[in-house]
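The listed protein sequences derive, respectively, from chains A and B. Using the numbering used here, read the first sequence as starting at 139 and increasing by one per residue. Using the numbering used here, read the second sequence as starting at 8 and increasing by one per residue. Comments concern the structure below.
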Amino acid sequence: MSSLLKTEWLKIKKYPAFWWMTGIVALAYPGMNYAIYENGYKDTLNDKTMGPILRMLPNPFTFPDVWQTVAFISSFFIFIPSIVVIMFITNEYTFKTHRQNIIDGWSRKNFMISKMIDVAIISLLATVLYFVTALIIGSSNSTNTSGNFWEGSQYVGLFFLQIFSQLSIALLIALLTRRAFIALGIFIFYFFPSEPILVQLGKRFANDAGEFLPLEISDRLIPRPRFMVRHEADWKALVAQSDIHIVYTILLLGLTWGICFWINSKRDL
Amino acid sequence: MGSVLTVDGITKFYGRIRALNNVSFEVPQGSVFGILGPNGSGKTTLLSIVLDVLKSNNGNFLWFGHPGSPEQRKKIGSLLETPNFYHYLSAVDNLKVTQSISGRGTREDIDQVLKKVKLYERRKSRFKTYSLGMKQRLAIAASLLGDPKVLVLDEPTNGLDPVGIAEIRELIVGLKKSGHTIIMASHLLDEVEKVCTHVAILKTGDVITTGDVNEVLQDEDVIEVSAADLSALAHALQPLSDQVSINNVSNTVQLSLPKGTAKLDQINKLCFDKGIVLNHLLLKKKRLEARFFELTNS
């Protein structure tokens, strides 16, 4: 495993798109959270109907709520690291380096594990960027963090699980299509707007069956922050869903990677 | 002498197209084994199967007497079809990836093989900035990394200039002398003829002949003789063969005999007894090119 990790790091560390992605995410996470804080939250405080309710709730950009708030907002930007995942795997097919890896002595299983390592590295990096963003925003807004700093930090793990799951689906699409632009087109078109529309249609016509769509399964790991939901009961229902969606997400991850390993073991390279 | 590679009844279909049909042969240890065939004959498909890039529909292969495995591939230096490298990495970084996967060679070995293929000066340039010939040289360097005892080279001289081709030929000859086994697919018959000890000739997926290169090339003895009077010489040789002809370009008479039956001393004596003094007598090996066309066009 350490040999696979070392090899993948040799490939990643000089891949320009990886560092571009890191830079963009490093700017996008705090930028988007700041924009929502300034324009979404603070503006709502002045809203005649929602304002009085929000003032009774804790500030979502302070500890412990900041973990959930920043995780939810940052999860909109999963398509940025998904571009790198797709580029990275389709590059292997475009330049036939996937073949060379096998010729040089990897098994097909090794190759797939190495791709899982790539997805894990990128997910971990995005999670670290989310963690730092939440930490800075929370620290700068909270007055006293000694008692409830880590409360709610389970969202760090859930954020990693969500991004790992969704990037795994991006990798599966790339593995199936082997073409960067086709894979990017399919993933981004499905990420937005196709699945959100299907989820809304599911809510309206199919008893919320959209919760089992591939991205929505892990989207529901991190419920909307309280200030984004009008009714308390609706918000509690969303939070209650989160636990069972951990199980669903793990099952989906198993299925996604099972398909990846199976395809890679069977087809010609 | 054991076999490095045994191919047994390999068949491969691409949809309805049969790319290989029951292909079998053995590669002796220490040989330079040429796999020849026109475009589309299945050379690269065959090498892809023995390197586990493609799956055969039938048949099997053994490396060193054992079924193919990643551990065995690590010990084999391979160049398959095209140079496959990370376009954003330099030559050194690409070879580090090769080294990390295969476990072959050291950091110093990377510099050595780059010097050997004359890429050392450009070792820090990105792969995408290389010319086709330089890319090919890097692929050869990767296959040489760690001095593997077996090399699989698919069209190794692709994209190289005449000097580069000569260098690769010398390299292969040198590797053979030091006991390496080289399996080489090529359509450059001149190259194969110069370096190979054994060949297998493929035609539309079938092995039409395989064996020692001299045996494959020489299906008959061709003797070239010359004297002052070519007509008299041709007449004198008629009793030996029904295939006697005068070549007015080279001013020689050529006669063909069944393989292994030509006895030059007897021909010389026969002519002398008939009062003809020879000024030229040569047993010719048939050129691979001619033999190849005979086999693949039949």
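Beta carbons: idealized from backbone N, C-alpha and C, even for Gly.
In chain order, what residues of the same chain have a beta carbon less than 7 Å from the beta carbon of residue i, not counting five sequence neighbours either side?
i	result
B:E162	A192 and S193
A:I335	none
A:E354	E333, V337 and G348
A:I162	I218
B:N28	T18, G212 and D213
B:Q143	P90, N165, G166 and L167
B:V202	V39, R176, I179 and V180
A:Y231	R316
A:E289	P202
Along the chain, where does the beta strand (DSSP E) containing residue i start, and where does it finish?
i	result
B:M191	T188 to S193
B:Q3	The structure shown does not extend to residue 3 of chain B, since chain B is modelled only from 8 to 305, so the question has no answer here.
B:A26	I24 to P35
B:E227	E227 to A234
B:D100	Where B:D100 is concerned, there is no enclosing beta strand (DSSP E), although the alpha helix (DSSP H) it sits in stretches over A98 to S109.
B:K291	L285 to K291
B:V214	D213 to D219
So, are the CB atoms of residue i and residue j less than 8 Å apart?
i	j	result
A:N171	A:V222	no
A:I360	A:Q206	yes
A:Y167	A:Y268	yes
B:L102	B:A148	yes
B:R275	B:L289	For the record, residue 275 of chain B in the displayed sequence is Asn; it is not Arg. No.
A:I241	B:R80	yes
A:F226	B:F92	no
A:T228	B:V104	no
B:A241	B:V251	yes
B:S85	B:L61	no
B:V157	B:F68	no
A:I259	A:I150	yes
B:V30	B:S10	no
A:P352	A:I307	yes
A:L309	A:K247	no
B:L152	B:R111	yes
B:L160	B:W70	no
B:G49	B:G16	no
Looking at the strands, I want to know which residues DSSP matches up with residue i.
i	result
B:L43	B:S193 and B:I208
B:F20	B:R25
B:A173	According to DSSP, B:A173 bridges with nothing at all.
B:Q261	B:E231 and B:S252
B:G84	B:L158
A:D203	For A:D203, which the question treats as bridged, DSSP gives no partner whatsoever.
B:S10	B:P35
B:D15	B:N67
Residue i lies in the alpha helix (DSSP H); which residues open and close that run?
i	result
B:W70	It is not in any alpha helix (DSSP H) - B:W70 instead sits in the beta strand (DSSP E) that spans N65 to W70.
B:D272	L271 to D280
A:I218	F217 to T232
A:E370	E370 to K404
A:Y268	R246 to N279
B:A149	L139 to L151
B:H94	Where B:H94 is concerned, there is no enclosing alpha helix (DSSP H), given that its DSSP letter is neither H nor E.
B:T268	Where B:T268 is concerned, there is no enclosing alpha helix (DSSP H), given that its DSSP letter is neither H nor E.
A:D357	P352 to D357
A:N286	Looking at the DSSP string, A:N286 is not in any alpha helix (DSSP H), and its letter there is neither H nor E.
A:M366	A:M366 -> no alpha helix (DSSP H), and no H or E assigned at all.
A:A164	P154 to A173
A:R193	G189 to M194
A:P334	E333 to F343
A:N239	T235 to I241
To the nearest whole angstrom, what separates the beta carbons of residue i and residue j, a pair I think is in contact under 8 Å?
i	j	result
B:I283	B:A239	6 Å
B:S233	B:S248	Wrong, their Cβ atoms sit about 16 Å apart, outside the cutoff.
B:N254	B:Q261	6 Å
B:L209	B:F299	Incorrect: roughly 11 Å between the Cβ atoms, too far for contact.
B:S109	A:G243	5 Å
B:G41	B:V199	4 Å
A:R405	A:H383	With 8 Å as the limit, A:R405 and A:H383 do not qualify as a contact, their Cβ atoms being about 32 Å apart.
B:K291	B:V229	4 Å
Only counting the same chain, and skipping five residues up and downstream in sequence, which positions put a Cβ closer than 6 Å to that of residue i?
i	result
A:M188	T182
A:F297	A209, T265 and Y268
B:A269	D228, I230 and L290
A:L262	none
A:A155	V222 and M225
B:P77	none
Spatial neighbours of residue i within its chain, please: CB distance less than 8 Å, with the 5 preceding and 5 following residues excluded, ordered by chain position.
i	result
B:S97	R130, K131, S132, R133 and F134
B:T217	F32, H205, V206, A207, I208 and V223
B:G140	G166, L167, D168 and G171
A:A318	I224, M225, T228, N229, T232 and A312
B:N64	T18, K19 and F20
A:P198	Y179, V204, Q206, T207, P363, R364 and F365
Note down, in chain order, all residues in the region 220 to 233 of chain A with a beta-carbon under 7 Å from any beta-carbon belonging to chain D.
The structure shown contains no chain D; the protein chains it does contain are A and B.
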